Amino acid sequence: MTTIDTPASRLAARALTLAYDERVVVESLDVDIPDGKVTVVVGPNGCGKSTLLRALGRLLKPRGGSVLLDGRELAKLPTKQIARTVGLLPQSPTAPEAITVGDLVGRGRQPHQSWWQQWSEADEAAVTTAMAHTDITELAERPVDELSGGQRQRVWIAMALAQETDLLLLDEPTTYLDISHQVEVLDLIRQLAVPGERRPHGRTVVAVLHDLNQAARYADHLVAMKSGRIVAEGPPGKVVTPELMREVFGLDAVIVDDPVTGGPLVVPGRPWHAQ
Amino acid sequence: MTGTPLTAAKSAAARPAGYGLARRGQASFLVHRRATAVALTLAVLTAAVSVLSLSVGETWVAPGDVVQVVLGQDNPNELVVGTLRLPRLVTGLLVGLAFGIAGALIQTVARNPLASPDIIGVSQGASALTVGAMTYGIGSYAVLPWLSVTGGLVAAALVYVFAWRGGLHAARFVLIGIGFAVALKSVTQLFLTKGDALMAQQAKVWLTGSLNGRGWDASRPLLWTLLIALPFLFWAARAQRTVSLDDDTATALGVRLQRTRLGLVLLGVVLASVATGAAGPVDFVALLAPQIARRLTRTAQIPLLSSALMGALIVTAADILARKLFAPTELPVGVLTAAIGAPYLMWLIVRSRTGGKA
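As they're listed, the protein sequences go chains A and B.
Numbering follows my numbering, in which position 140 of the first sequence is assigned residue number 325; successive positions increment by one, without gaps.
Numbering follows my numbering, in which position 282 of the second sequence is assigned residue number 411; successive positions increment by one, without gaps.
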């Protein structure tokens, strides 16, 4: 076996190989997720970005290599212990029929509870804070089925927040949302990484996003993937270039300055074809 | 509405709507208010129907006398009520409780109201082995429960293994279960036609689910099973909270999903199989009781206690009808539960196709 170096960041992958049945999706990938930053993973459909996120959140067992949390192999840690450090919001979570918003958010407290300690003041405080943070306090008694897509997504984020983890993984949190709700959710995610009383270094957030411009706008650290490999990573200003757009997405594009943030903005040009 | 997010430790808004909190020292328990009220009501109703069940028969015994006998006081009706009718009632109650819980557990794991032990092959496995033994003359009421458990467990294990594909898939579980149920039913038919004709007749009555002539030896194994299962049911009720979410979310919350599901299914299968051994496959109770209970409690997961009590209520009430409807001919209780259950099942299917989540 190869020796595993101790990564500088809390969450990292070493020589990670991921596969579904026979199909290898990610092969021998190394990545370090910067602490207290928002990392966004981008890439074309099927590049393995969601698969990578699932592995970082132990929803998928590595075929080879390992995911390291605080220097220890994820696969060897008790799942409940992981759940107190890493939260994950899957791509399309489903709620049981007729569940109320408050009930669902409360279930985020699961890893902090046991059968004889089902509801503590810490649980109550965490849920209240999470609901206030996502602006859903008024919805507490409403059934989740009756909410709009934007509200529902905020409820799921609140549930993940109630889990009170230092790291939070989000798989395409803006899918199915209209543009204003997308911005709302992304602003919220941005805020999560801001240092606060409880977390002097801020939360570490990893999100998979489809929209490259949103990724460039909201990420501290951008990871671009293609065919199961990381093609480029770093600050969006360095990563988002016409060359990368061609290599990763096969798209001719012009990169201009975002008139609002000054960051990179991708404007697609004519479709690019390999010769 | 509320503007104090950080120091609102005592605010009721944060506690899930509809829940009360029972606290003692370090321990705290969430109690669903409506579910508690429903369970209490069902318990009272079941008690009332039980008294009625002991009163009704060839001779009418006044409820006052019934209560005296049950409480162990001297009463001239001791023989009729205590010796003849009580064992049958107790068997019915226990069978109902067991089927109600079994249905609730298996429906929770499969996230499908059709996934009850009498649909996915558990009852059919139990029946096949039991009828096989009966028609070849090796069945006594003391042995039948164990044969049923074996049959039910083997059938469930096969369904589980065939539905497994790197994990348990709820939809596969139900479909493969239905397939096994059909196959096992034909095995039972084979036994009935090939085996001894007289024994086959007796097996046929057992197969419709009957409380006729069930004594203490039929209910004793079931009573023990329920008592042993009780502590596990506390665990199960809590596990339901996360298992009823989707797989990814439950895993992210630190639940060992496959192990938890296996535990829940095992618990349900054992209960359903032992109950089948005691009274035969009383159709539709495991399917109906949890679904009705859930609609009454309006909880996000299927309520275990209310499902159990609803099962007991259905079986005892149906048995009174089974005895009185065509008196002096007694119908097997399973005929009545099926007569009520089948239309309900169709309604469920029609409704799920027209949009509403099943």
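Every residue, glycine too, gets a C-beta built ideally from N, C-alpha and C.
Predicted, not measured: the structure shown is a model, and the values here were computed from it.
Query raised in the report: Is Leu282 (chain B) near the ligand MN, with its Cβ less than 7 angstroms from a heavy atom?
Result: Among the components of this structure there are no ligands whatsoever, and the ligand MN is therefore not found.
Report task. Compile a chain-ordered list of the residues in the segment 270-293 of chain A whose CB is closer than 9 angstroms to at least one CB of chain B. Result -> Val271, Gly272, Leu273, Leu274, Pro275, Gln276, Ser277, Pro278, Thr279, Ala280, Pro281, Glu282, Ala283, Ile284, Thr285, Val286, Gly287, Asp288, Leu289, Val290, Gly291, Arg292 and Gly293
Query raised in the report: In chain A, which residues lie less than 8 angstroms from Gln430 (chain B) when you measure between Cβ atoms?
Result: Taking the first residue of the second sequence as position 1, residue 430 (chain B) is located at position 301. The contacting residues are Pro281.
Query raised in the report: Going by beta carbon distance, what residues of the same chain come within less than 8 angstroms of Leu135 (chain B), once the five residues before and after it are set aside?
Result: On the second sequence, residue 135 (chain B) is found 6 positions in, with the first residue counted as 1. With a pLDDT of only 40 at Leu135 (chain B), under 50, the local geometry of the prediction cannot be trusted, and no value is derived from it.
**Report entry** Thr170 (chain B) versus Met328 (chain B) - alpha carbon distance
**Finding:** Translated into the one-based positions of the second sequence, residue 170 (chain B) becomes position 41. Translated into the one-based positions of the second sequence, residue 328 (chain B) becomes position 199. In a straight line, the C-alpha of Thr170 (chain B) is about 42 angstroms away from that of Met328 (chain B).
**Report entry** Close-in-space but distant-in-sequence residues of the same chain around Gly147 (chain B) (CB under 7 angstroms, 5 per side omitted)
**Finding:** Counting from one through the second sequence, the residue named residue 147 (chain B) turns up at place 18. Correct list, in chain order: His161, Arg162 and Arg163.
**Report entry** Neighbour flag for Gln202 (chain B) against chain A, beta carbons, 8 angstroms
**Finding:** For the purposes of this step, residue 202 (chain B) is taken as the residue at position 73 of the second sequence. Chain A, which has no Cβ nearer than 8 angstroms to the Cβ of Gln202 (chain B), makes this no.
Query raised in the report: What do you get for Ala227 (chain B), buried or exposed, if any count of 16 or more other CB atoms within 10 angstroms of its CB means buried?
Result: Translated into positions along the second sequence, residue 227 (chain B) becomes position 98. By the neighbour-count rule (16 or more Cβ atoms within 10 Å), Ala227 (chain B) is buried.
Requested in this report: Indicate whether the contact test is met: 3 or more Cβ pairs, each with one atom in the segment 323-342 of chain A and one in the segment 297-305 of chain A, closer than 8 angstroms.
Outcome: no
Query - Residue from A:Val379, A:Leu244 and A:Met316 whose Cα sits closest to the Cα of Gln276 (chain A) - result: Position 91 of the first sequence, counted from the first residue, corresponds to residue 276 (chain A). Cα-wise, what sits closest to Gln276 (chain A) is A:Leu244.
Query raised in the report: Under a three-way DSSP split, which group does Pro385 (chain A) fall into?
Result: Here residue 385 (chain A) refers to the residue found at position 200 when the first sequence is read from its first residue. If DSSP states are grouped into helix, strand and coil, Pro385 (chain A) belongs with coil.
Query raised in the report: Can you tell me whether DSSP reads Ala94 (chain B) as helix, strand or coil?
Result: No answer is possible for residue 94 (chain B): it lies beyond the span of chain B, which begins at 130 and ends at 487.
Requested in this report: Return the chain-ordered list of same chain residues with a C-beta closer than 6 angstroms to the C-beta of Ser252 (chain B), the five sequence neighbours on each side being excluded.
Outcome: One-based indexing of the second sequence puts residue 252 (chain B) at position 123. Around Ser252 (chain B), the same chain offers Pro246, Thr405 and Pro410 as residues with beta carbons nearer than 6 angstroms, after the five sequence neighbours per side are excluded.
Requested in this report: Since I believe Ile440 (chain A) is in contact with Pro453 (chain A) (beta carbons under 8 angstroms), could you give me their beta-carbon distance rounded to a whole number of angstroms?
Outcome: To locate residue 453 (chain A), count along the first sequence from 1; it is residue 268. To locate residue 440 (chain A), count along the first sequence from 1; it is residue 255. About 11 angstroms separates the two Cβ atoms, so there is no contact after all.
Query raised in the report: Between the segment 242-260 of chain A and chain B, which residues of the former have a C-beta closer than 8 angstroms to a C-beta of the latter?
Result: Gly242, Arg243 and Leu244
Report task. Report yes or no: is there a C-beta of chain A within less than 8 angstroms of the C-beta of Asp194 (chain B)? Result -> Taking the second sequence and counting its residues from 1, the one referred to as residue 194 (chain B) is at position 65. False, the Cβ-Cβ gap to chain A never drops below 8 angstroms.
Report task. Could you check if Asp320 (chain A) is buried or exposed, using at least 16 other CB atoms within 10 Å of its CB as the buried criterion? Result -> Here residue 320 (chain A) corresponds to residue number 135 of the first sequence, with the count starting at 1. It is exposed - the Cβ of Asp320 (chain A) has fewer than 16 other Cβ atoms within 10 Å.
Query - alpha helix (DSSP H) segments (min. 4 residues) lying fully within the segment 295-340 of chain B - result: 299-323 and 326-336
Query raised in the report: Within the chosen definition, does the segment 385-403 of chain B reach the segment 276-288 of chain B through at least 3 CB pairs nearer than 8 angstroms?
Result: Flag = yes, the segment 385-403 of chain B and the segment 276-288 of chain B touch.
Report task. Name the two residues that bound the continuous alpha helix (DSSP H) containing His366 (chain A). Result -> Position 181 of the first sequence, counting from 1, holds the residue named residue 366 (chain A). Note, His366 (chain A): alpha helix (DSSP H), Ile364 to Leu377.
Report task. For Pro489 (chain B), decide whether its Cβ has a neighbour in chain A, counting only Cβ atoms nearer than 8 angstroms. Result -> For residue 489 (chain B) there is no data in the structure shown, the boundaries of chain B being 130 and 487.
**Report entry** Arg427 (chain B) at chain A interface by Cβ criterion, 8 angstroms
**Finding:** In the second sequence, residue 427 (chain B) corresponds to position 298, counting from 1. Interface residue, yes.
Query - DSSP three-state assignment for Lys222 (chain A), whether helix, strand or coil - result: Residue 222 (chain A) sits at position 37 when you count from the first residue of the first sequence. The answer is coil: DSSP assigns Lys222 (chain A) none of H, G, I, E or B.
Report task. Spell out the partners DSSP gives Tyr148 (chain B) in its beta bridges. Result -> For the purposes of this step, residue 148 (chain B) is taken as residue 19 along the second sequence, with counting starting at 1. According to DSSP, Tyr148 (chain B) bridges with B:His161.
Query raised in the report: Does Gly221 (chain A) get closer than 8 angstroms to chain B when you measure Cβ to Cβ?
Result: The count along the first sequence starts at 1 and reaches residue 221 (chain A) at position 36. Chain B contact via Cβ: absent.
Query raised in the report: Over what stretch of residues does the alpha helix (DSSP H) that includes Lys261 (chain A) continue unbroken?
Result: Mapped onto the first sequence, residue 261 (chain A) falls at position 76. Segment: none, Lys261 (chain A) is in no alpha helix (DSSP H) and carries neither H nor E.
Query raised in the report: Using DSSP with H/G/I as helix, E/B as strand and the rest coil, what is Pro328 (chain A)?
Result: On the first sequence, position 143 is the one that residue 328 (chain A) refers to. Looking at Pro328 (chain A) - three-state DSSP - the assignment turns out to be strand.
Query raised in the report: Got a sec: is the Cβ-Cβ distance from Ser373 (chain B) to anything in chain A below 8 angstroms?
Result: Taking the first residue of the second sequence as position 1, residue 373 (chain B) is located at position 244. Yes, Ser373 (chain B) lies at the interface with chain A (some Cβ there is under 8 angstroms from its Cβ).
Requested in this report: Express the C-alpha separation of Arg269 (chain A) and Ser256 (chain B) in angstroms, rounding to a whole number.
Outcome: For this step, residue 256 (chain B) is matched to residue 127 along the second sequence. For this step, residue 269 (chain A) is matched to residue 84 along the first sequence. Each residue's Cα considered, the two are about 46 angstroms apart.
Requested in this report: Check whether the Cβ atoms of Gly306 (chain B) and Ile248 (chain B) lie closer than 8 angstroms to each other.
Outcome: Residue 306 (chain B) sits at position 177 when you count from the first residue of the second sequence. Residue 248 (chain B) sits at position 119 when you count from the first residue of the second sequence. A contact, by the Cβ cut-off of 8 angstroms.
Query raised in the report: Is the Cβ of Ile364 (chain A) closer than 8 angstroms to any Cβ of chain B?
Result: As a first step, residue 364 (chain A) must be located in the first sequence, where it is residue number 179. It does not: the Cβ of Ile364 (chain A) has no partner Cβ on chain B nearer than 8 angstroms.
Query raised in the report: Is Ile449 (chain B) near Val185 (chain B), with beta carbons less than 8 angstroms apart?
Result: In the second sequence, residue 449 (chain B) corresponds to position 320, counting from 1. In the second sequence, residue 185 (chain B) corresponds to position 56, counting from 1. Yes, they are a contact pair.
Query raised in the report: Considering only residues of the same chain and omitting the five flanking positions on each side of Arg218 (chain B), which have a CB-CB separation below 7 angstroms?
Result: Here residue 218 (chain B) refers to the residue found at position 89 when the second sequence is read from its first residue. Note that residue 218 (chain B) is Leu in the sequence shown, not Arg. Result list for Leu218 (chain B): Ser179, Ser182, Leu183 and Thr445, in chain order.
Query raised in the report: Closer than 7 angstroms, Cβ to any Cβ of chain A: which residues of the segment 355-373 of chain B, in chain order?
Result: Phe363, Trp364, Arg367, Arg370, Thr371 and Ser373
Report task. Would you please state the rounded distance, in angstroms, between the beta carbons of Val391 (chain A) and Gly228 (chain A)? I believe it to be under 8 angstroms. Result -> Locating residue 391 (chain A) in the first sequence gives position 206, where the first residue counts as 1. Locating residue 228 (chain A) in the first sequence gives position 43, where the first residue counts as 1. With a Cβ gap of about 14 angstroms, Val391 (chain A) and Gly228 (chain A) do not count as contacting.
Query raised in the report: Cα-Cα, which of A:His395, A:Glu382, A:His386 and A:Leu352 is closest to Gly231 (chain A)?
Result: On the first sequence, position 46 is the one that residue 231 (chain A) refers to. The candidate whose alpha carbon is nearest that of Gly231 (chain A) is A:His395.
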